[in-house]
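Q: Please find one structure pasted underneath; my questions will follow.
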Amino acid sequence: MQFFLDTGSLEEIRTAQAWGILDGVTTNPSLVSKEGMDHKALIREIASITSGPISVETTSERAEEMVAQGREYVTWAPNAIVKVPATAEGIKAASIMGKEGIRINVTLVFSPNQALLAAKVGAYFVSPFVGRLDDISEDGMQVVRDTVQIYRNFGFRTKVLAASLRHPIHVVEAAKAGADIATIPFKVMEQLFKHPLTDTGQERFLADWRKLQAELERKKTKV
Ligand code: G3P
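Numbered per the working numbering, the sequence shown spans residues 16 to 238.
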């Protein structure tokens, strides 16, 4: 399973890259707007940190404008993946850009039918949003499970990118569902490392080790 970081923060991307677990980055207009930086400059900076796929979202409701933006985004970085919404205009734009060899991430996916549409136009990624469905008392992860099953039934090559993940259990559930990728906010990525028994176990190992060193030192000075 691949791990993408769901962020526009260069600091977070650098940290995850240094951990050695970063396979790519997803951005969206809300995440980019938090950074207060020119869109192109930000994406180019991200591309200087990771060679993995970087999802860059279009910001129009019209297919023609999405296509124009997408064509520009792929000139910013060779690893840019163009994000379009799962609307009729978004799917139309995905179909046009796909024929030009531009890799597409169909985002804002909330139903298996939307995921099916994304696969039919040859999207590279499909992004079912788990947390936002949970927020309205629906089972967000079921869309991931259904999408994985439908894609397997027909041999669709579109990769399932579980998005809007809000806590570590979402990552486990997405992995169990067979999602190809989890895009994870930085705070959740940090939580993946955490286990209280790891902390206390490591503390005890180091304390025992220090005790042994002190004992050996004492024996050495006695001789
Ligand atoms: O990048 C899209 C998605 O992951 C957004 O997550 O938490 O805003 O629903 P969230």
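Glycine included, C-beta positions come from ideal geometry on N, C-alpha and C. Just so you know, these numbers come straight off a predicted model, no measurement behind them.
In chain order, what residues of the same chain lie with their CB nearer than 6 Å to the CB of R118, ignoring the 5 residues before and after it?
A: Only I96 and Y139 meet the Cβ criterion.
Q: Answer yes if the region 172–180 comes into contact with the region 123–140, meaning at least three C-beta pairs across the two stretches below 8 Å, and no otherwise.
A: Short answer: they touch.
Q: Assess, as a yes-or-no matter, whether the region 199–212 is touched by the region 179–189 under the definition of 3 or more beta carbon pairs within less than 8 Å.
A: Enough Cβ pairs lie closer than 8 Å, so yes.
Q: In whole angstroms, give me the CA-to-CA distance for T41 and V82.
A: Taking the straight line from one Cα to the other gives about 19 Å.
Q: Given a cut-off of 8 Å, decide if T73 and A101 are closer than it, judged by their beta-carbon atoms.
A: Against a cut-off of 8 Å, the Cβ pair of T73 and A101 comes out as no contact.
Q: Look at the Cβ atom of V124, then the Cβ atom of A109, and state whether they are nearer than 8 Å.
A: Not a contact, by the Cβ cut-off of 8 Å.
Q: Helix, strand or coil for P200, going by three-state DSSP, please let me know.
A: The answer is coil: DSSP assigns P200 none of H, G, I, E or B.
Q: Just to confirm before moving on: does the CB-CB distance between I64 and A92 stay below 8 Å?
A: No, Cβ-Cβ distance for I64 and A92 is not below 8 Å.
Q: Excluding the five sequence neighbours on either side, which residues of its own chain have a C-beta within less than 6 Å of the C-beta of D161, listed in chain order?
A: Once the five neighbours on either side are set aside, the close Cβ partners of D161 are P127.
Q: Candidates K107, E104, A103 and E115: which alpha carbon is nearest E87's?
A: The residue with the shortest Cα to Cα distance from E87 is E115.
Q: Considering only DSSP beta bridges, list what T41 is partnered with.
A: The partner list for T41 (beta bridge, DSSP) reads D21 and S70.
Q: For K98, report the span of its beta strand (DSSP E) as first-last.
A: Its beta strand (DSSP E) spans residues A95 to P100.
Q: Please list, following the chain, all residues that have a C-beta closer than 7 Å to any non-hydrogen atom of the ligand G3P.
A: That query returns the following residues: D21, T41, N43, S45, L46, T122, S142, F144, G146, R147, A178, S179, L180, R181, T198 and P200.
Q: Three-state secondary structure (DSSP) at L180?
A: L180: coil per DSSP, three-state reduction.
Q: Using a Cβ-Cβ cut-off of 8 Å (strictly less than) and excluding sequence neighbours within five positions of R29, which residues of its own chain qualify?
A: Closer than 8 Å at Cβ, skipping near neighbours: I64.
Q: Let me confirm a value: L212 is counted as buried when at least 16 other C-beta atoms fall within 10 Å, else exposed. Which label applies?
A: So L212 ends up on the exposed side.
Q: Tell me where the beta strand (DSSP E) around L123 begins and ends.
A: Note, L123: beta strand (DSSP E), I119 to V124.
Q: For S75, name the three-state secondary structure that DSSP assigns.
A: If DSSP states are grouped into helix, strand and coil, S75 belongs with coil.
Q: Which residues share a DSSP beta bridge with K8?
A: With the chain covering 16 to 238 only, the question about residue 8 has no answer from this structure.
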